[in-house]
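*Asks:* So for the sequence shown, the numbering used here puts the first residue at 196; every next one is plus one.
The beta carbon of each residue, even a glycine, is placed where N, CA and C say it ideally should be.
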Amino acid sequence: MRFNHESPLFLLALIAFSGMAASFVISSTPLSQLQQAPNSQLAQVSCATGDLTCGLVGWWKLDEGSGTTASDSSGSGNTGTLTGSTLPTWAAGEIGGALQFNGSSGDVDLGTGSSLNVTGPITVSAWVKLSASQYSDIIVRGSDTSAAGSDYKLVYDPGSGGRFGFYISDGTNKPGVYTAGPIAVGTWYHVVAVWDGTTNAGSLSIYLNGTLSNTAASNAAAIQSMNTHAAIGADGLNSRYYFNGTIDDVRVYDRALSAADVSSLYSGSTASSTPDISGLTTLIVNQNGSGNFTTIQACADAVQPGQTCLVYPGAYDEHVVTKAAGTASAPIVFQATGGTAAITGFDVDHAYVTVKGFDVSNGGTAAGITVNEAADHAVISGNYVHDTGLDAAIQGSCPSDGSDGTNGSVAHPAGVVVSDNHIYHSQYGIIACGADWTVSGNDVERLYKYSSEPYSDADYIRFFGVGHTFTDNYLHGSLWSETEALGAHVDCFQTFDSGSASYVKDITIKGNLCEDAADLVIIQGQNELQDDQIAITGNVTANLFTGAGDGAGWDINNASNVTVENNTFYDLAGTGGLFKSGTMLGTNLIRDNIFDKVTKYAYLYWDPTVTDDHNLIFDSGPAEPEDPSTIIGKDPLFVAPTDVVGLDGVPFTADDGLIPATTSPACSGGYGGTYVGAYPCGSPSTPSTPSNSGSGSSVSTPGSGSSSGAVSGGTGGTSSGGFGGGGAAITASANSGASNSAAMNSNTTPCVASPSAIPASALSLSIGTRGSSVTNLQTFLVIMGYLQRQYITGYFGPLTKAALTSYQLAHPSTCSNTQAPSNNNQTSSNNQISIFTRSLKLGMIGNDVKNLQIFLNQHNFTVSQSGAGSSGHETTYFGPATFRALIRFQNAYANQILAPYGLSQGTGFFGPSTMKEINSLLIANH
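Listed below in structure tokens is the structure:
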């Protein structure tokens, strides 16, 4: 809230003495002009003059246009669900979109959110257009019965020529007020009903199109609290009083709007719904109303080339769709600040649009970010996309008519950049199509089979079209039990060639790390007489599982001019690679690769166009056929083969385990005396593949380009380059902040009582171990701030090892503890609170929410003075009161929580930085 010299200024002071308290209001405005509330509402927040977002506890714009949910733009999390045998239909409204109801079935269930449990002053408003005259509910909380069943309701009554009415109830009395004059069918009306919280004459008032229509006295001193469903368009509890017509822009306030507010609300909504943004380069999106817009979609509707929608943190329950294109010199940018702007999805439908820094998740029901056919030169960068299903976390949507660029046409979308995103627990990682995509520096991990279809795979990256480059991606972490055991075949790269009209061409796959999959690359061609030009160079493939079938480093079917060069294949359960085809074109090359611990065959091919030379094969099956230059039976002398990414958890850096030692036969055993495998011996962080003259191809590079290898942990796992994602780079200096170290380094704390002690079972774990002991360790590292929660996989891999090592380096004096850390599935007493392990936001429910309320109340960041949320009466619902109390806590610990993200005000989002600070306080006070 912002004040100026014209705003009422309040100071509420409580002076306690001798068991008594006196309250004083000090104001620059005469007391008679101040909005008064009954005693039960004394703590109600005052609002700046003209602030029509203050006090909003429910705001359904109904602008979605599709789907079965209606978002709550108030920030209270009261998302509506379209229900009924015949759902309401999306239609044009007075302000953008609206919902049309048929009068016999279908309504919007608003749930039972506590923010709608308004017991004092209240305002309810809506735009309404009747299609027929019948008694119906516009918005109601509770049951609309003849007795005093509903808490409050706004209705249409066909009596007296038609009128709108508003009722409240205290359980016994049911006072109401009606508009004066007839209501016409087919005409839009703006209806606002207000109760000021008193039983005075005129305490109930109803407005029509911004003007007071009628008043009445209330004989109810408070609104009852039934704690039941609210609904738009019907009495949803009793499936009756269905509205027949169109409803738009429904609002509920927990305060009484003044006549001036009502007039402004009407005038503002009938004027252009888009603020004047001419001349601005940055448009602010903030749910608290302090910016240009309160929703991302509203900014998307208005933004023009050269402008940026800068989105402040919040739980935005939106699937955003772009409405305008940028240009090469003036792109449109959607930029989230702090990594805590959470959305359910993003459709990029236009060219030169950038989407950066968002937290995208929808519970596995849809794609995360979709780049559609017209979205040439889109940039998707630095997002955390997780728990998306059925489609890909980030996917291109391309035409199915074969116009992929190979027949002289231009493929679309073209020139798309997908970089430095962290993708977790999705059906697919990335699907590229069209032409000339650059996919680099992405961390794609732990895919999951969301689809029930028997042949629905779960690949890290799929590609179609021409001219794509895939480089510096880290593809890892999938669990066989969550993918292949459920019928999904996991490949790091896969494509399907549909025949002569459409096929992949000019594809570069270089410098990627592929783990925990069935295959590195699968190319399913249909016509071997096509010139595909595919380069598979400088990649590391390790620890592949096969499920029920045979996995491979590469599996090429009917493709031509394919180069497989300077790759390292380690610990594959199947075959290093196969060329399976008839007659192929050009030169297909297998050169300078390392095959170590490849179970069946190093590689197989049957076509005379394939050339193989100078490959190193050790502790593996044979190659068939086998060139005389093949290096057989010589150990490549990897420096630490079971620790693929090394201590830093980042691929292609100097501590990677599959770098050959300087005495390795791979150092100069390659074609022309160059090195064999993905790394030069003892290499720096960016190895490059040598140019092999006379080989029929000239291929350069793993790891080149913009990759810095630096990783930023924290919220969203946004990376600054290289192999980004999720706090994968964990160092003692970055993670042993003062908020943790004091308690954990104390030599006087008994090991058996300290929640900061490493679980004893962790000390015997080795790379590749799976099970509950690993889960306990990973949970502990999450609690201590050394690992992000999404890395609780039950698999002890290099990243978990790096996190454990960093913790041990920072806390050498800690000892082990046989007890696993507690979790938030248990509700704690007021004296002892469990450690927190998951992020929380508005609208969420759980025992950990109750624990958070207990913590805030114990530390004088009071959730509520009385009733629900107060000390001893904490609830499991994360509502506005919890949201505001958490903001106060974040502001009080701004240096630890907000400053690292460049924020100056609390966000109300309980994310990793807030969780770490609260957990450290819990540990220190243990």
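1. Mind checking which residues open and close the beta strand (DSSP E) that includes Arg786?
2. Can you tell me where the alpha helix (DSSP H) with Thr284 in it begins and where it stops?
3. If you follow the beta strand (DSSP E) that Ile589 is in, where does it begin and where does it stop?
4. Look at the alpha carbon of Ile987 and the alpha carbon of Ser398, and state the distance between them as a whole number of angstroms.
5. List the DSSP bridge partners of Ala630.
6. Assess, as a yes-or-no matter, whether the segment 1102-1118 is touched by the segment 1028-1035 under the definition of 3 or more beta carbon pairs within less than 8 angstroms.
7. Starting from the N-terminal side, write out each stretch of the alpha helix (DSSP H) that is 4 residues or longer and does not extend beyond the segment 416-487.
8. Please name the residue or residues paired with Cys504 in a DSSP beta bridge.
9. Can you tell me whether DSSP reads Phe1056 as helix, strand or coil?
10. Tell me, which residues are paired with Cys709 by DSSP?
11. Reducing DSSP to helix, strand and coil, say where Asn1120 ends up.
12. Which residue comes first and which comes last in the beta strand (DSSP E) that contains Phe1104?
13. For Ala426 and Val350, I'd like the C-alpha separation in whole angstroms.
14. Could you name the residues of the same chain whose beta carbon sits closer than 6 angstroms to that of His514, not counting the 5 residues immediately before and after it, in chain order?
15. What's the call for His684, buried or exposed, on a 16-neighbour Cβ count within 10 Å?
16. Spatial neighbours of Leu160 within its chain, please: CB distance less than 6 angstroms, with the 5 preceding and 5 following residues excluded, ordered by chain position.
17. Quick one: any contact between the segment 259-269 and the segment 384-403, if contact means 3 or more CB pairs under 8 angstroms?
18. DSSP three-state label for Cys687, please.
19. Just checking my contact of Phe553 with Phe438 at CB under 8 angstroms: how many whole Å lie between their CB atoms?
20. Could you check what DSSP says for Asn1114 in three-state terms: helix, strand or coil?
21. Does DSSP classify Ala537 as helix, strand or coil?
22. Taking Val735 as the reference, give the member of Thr703, Phe790, Asp727, Ile589 with the closest Cα.
23. Cβ of His572 within 8 angstroms of Cβ of Ala606?
24. So, for Ala411: in the same chain, excluding its five sequence neighbours on each side, which residues have a beta-carbon less than 6 angstroms away from its beta-carbon?
25. Within 10 Å of its beta-carbon, does Gly270 have 16 or more other beta-carbons around it, so buried, or fewer, so exposed?
26. Whole-angstrom Cβ separation of Met1110 and Phe1073, contact assumed at under 8 angstroms?
27. To the nearest angstrom, how far is the alpha carbon of Ala712 from that of Val969?
28. Please give the ranges of any alpha helix (DSSP H) in the segment 344-417, keeping only runs that are unbroken, at least 4 residues long and fully inside the region.
29. Does the distance from the CB of Ala587 to the CB of Ala609 come in under 8 angstroms?
30. Quick one: residues in its chain with C-beta nearer than 7 angstroms to the C-beta of Ser328, no 5 flanking neighbours on either side, listed in chain order?
31. Can you look up Ser320 in the DSSP assignment and give me helix, strand or coil?
32. Buried or exposed: Gly844, going by 16 or more other Cβ atoms within 10 Å of its Cβ?
33. Terminal residues of the continuous beta strand (DSSP E) containing Gln295?
34. What does the Cβ neighbour count give for Asn414, buried or exposed, with the cut at 16 atoms within 10 Å?
35. Do the segment 866-873 and the segment 835-842 make contact, defined as three or more Cβ pairs closer than 8 angstroms?
36. Around the Cβ of Pro1135, are there at least 16 other Cβ atoms within 10 angstroms (buried) or fewer (exposed)?
*Replies:* Let me spell this out:
1. The sequence position of residue 786 within the sequence shown is 591, counting from 1. Arg786: member of the beta strand (DSSP E) spanning 783-786, first to last residue.
2. Locating residue 284 in the sequence shown gives position 89, counting from the first residue. That residue, Thr284, is in no alpha helix (DSSP H); its beta strand (DSSP E) goes 284-287.
3. Start at 1 with the first residue of the sequence shown, and residue 589 comes out as number 394. First-last of the beta strand (DSSP E) with Ile589: 587-591.
4. Here residue 987 refers to the residue found at position 792 when the sequence shown is read from its first residue. Here residue 398 refers to the residue found at position 203 when the sequence shown is read from its first residue. Answer to the nearest angstrom: the Cα atoms are 56 angstroms apart.
5. For the purposes of this step, residue 630 is identified with residue 435 of the sequence shown, where counting begins at 1. According to the DSSP secondary-structure assignment, Ala630 is paired through a beta bridge with Ala609, Val661.
6. Yes, the segment 1028-1035 is in contact with the segment 1102-1118.
7. Runs of alpha helix (DSSP H) with 4 or more residues, each lying fully within the segment 416-487, are found at 454-465, listed in chain order.
8. As a position in the sequence shown, residue 504 is number 309, starting the count at 1. Residue pairing by DSSP places Cys504 opposite Leu478, Phe529 in a beta bridge.
9. Reading the sequence shown from its first residue, position 861 is the one you call residue 1056. It is coil, neither helix nor strand.
10. Walking along the sequence shown from the start, residue 709 turns up at place 514. DSSP, once it has assigned bridges, lists Leu670, Thr736 as partnering Cys709.
11. In the sequence shown, counting from the first residue as 1, residue 1120 sits at position 925. Here Asn1120 sits in coil by DSSP.
12. Sequence index remark: in the sequence shown, residue 1104 carries index 909 (1-based). According to the DSSP assignment, Phe1104 belongs to no beta strand (DSSP E), since it is labelled neither H nor E.
13. Here residue 426 refers to the residue found at position 231 of the sequence shown. Here residue 350 refers to the residue found at position 155 of the sequence shown. Note on geometry: alpha-carbon atoms of Ala426 and Val350 lie some 12 angstroms from one another.
14. Position 319 of the sequence shown, counted from the start, is the residue given in the question as residue 514. Same-chain partners within the cutoff: Thr539, Gly540.
15. For this step, residue 684 is matched to residue 489 along the sequence shown. Around the beta carbon of His684, 16 or more other beta carbons lie within 10 angstroms, which makes this residue buried.
16. The chain is shown only over 196 to 1121; residue 160 falls outside these bounds and no answer can be derived.
17. Taking a cut-off of 8 angstroms for Cβ pairs, the segment 259-269 and the segment 384-403 do not touch, as fewer than three such pairs fall below it.
18. Here the question's residue 687 lines up with position 492 in the sequence shown. Strand at Cys687.
19. For the purposes of this step, residue 553 is taken as the residue at position 358 of the sequence shown. For the purposes of this step, residue 438 is taken as the residue at position 243 of the sequence shown. Actually they are not in contact, since the Cβ atoms of Phe553 and Phe438 sit about 35 angstroms apart, beyond 8 angstroms.
20. By one-based count along the sequence shown, residue 1114 stands at place 919. If DSSP states are grouped into helix, strand and coil, Asn1114 belongs with the helices.
21. Here residue 537 corresponds to residue number 342 of the sequence shown, with the count starting at 1. In the structure shown, Ala537 sits in a strand (DSSP, three-state: E or B).
22. What you label residue 735 is simply residue 540 of the sequence shown in a count that begins at 1. Looking at Thr703, Phe790, Asp727, Ile589, the one whose alpha-carbon comes closest to that of Val735 is Phe790.
23. Translated into positions along the sequence shown, residue 572 becomes position 377. Translated into positions along the sequence shown, residue 606 becomes position 411. Between His572 and Ala606, the C-beta gap is not smaller than 8 angstroms, which leaves the two residues out of contact.
24. Locating residue 411 in the sequence shown gives position 216, counting from the first residue. The beta carbon of Ala411 is closer than 6 angstroms to those of Val372, Leu399 in its chain, skipping five residues each way along the sequence.
25. Stepping through the sequence shown from its first residue, residue 270 is reached at position 75. So Gly270 ends up on the buried side.
26. Working through the sequence shown from its first residue, we reach residue 1110 at position 915. Working through the sequence shown from its first residue, we reach residue 1073 at position 878. Going by Cβ atoms, the distance from Met1110 to Phe1073 rounds to 14 angstroms, so no, they are not a contact pair.
27. Translated into positions along the sequence shown, residue 712 becomes position 517. Translated into positions along the sequence shown, residue 969 becomes position 774. Between Ala712 and Val969, the C-alpha separation is close to 20 angstroms.
28. Counting only runs of 4 or more, we get nothing.
29. Here residue 587 is taken as the residue at index 392 of the sequence shown, counted from 1. Here residue 609 is taken as the residue at index 414 of the sequence shown, counted from 1. No, Cβ-Cβ distance for Ala587 and Ala609 is not below 8 angstroms.
30. If you number the sequence shown from 1, residue 328 lands on position 133. Cβ neighbours of Ser328 beyond the five flanking positions: Pro353, Gly357, Val380.
31. Looking up residue 320 in the sequence shown gives position 125. It is a strand residue.
32. Counting from one through the sequence shown, the residue named residue 844 turns up at place 649. Under this definition Gly844 is a buried residue.
33. The sequence position of residue 295 within the sequence shown is 100, counting from 1. For Gln295, the uninterrupted beta strand (DSSP E) run begins and ends at 292-297, by DSSP.
34. Against the sequence shown, residue 414 aligns to sequence position 219. Result: exposed.
35. No, because fewer than three Cβ pairs between the segment 866-873 and the segment 835-842 fall closer than 8 angstroms, the two stretches do not touch.
36. Nothing can be reported for residue 1135: it is not among the residues displayed for the chain, which extend from 196 to 1121.
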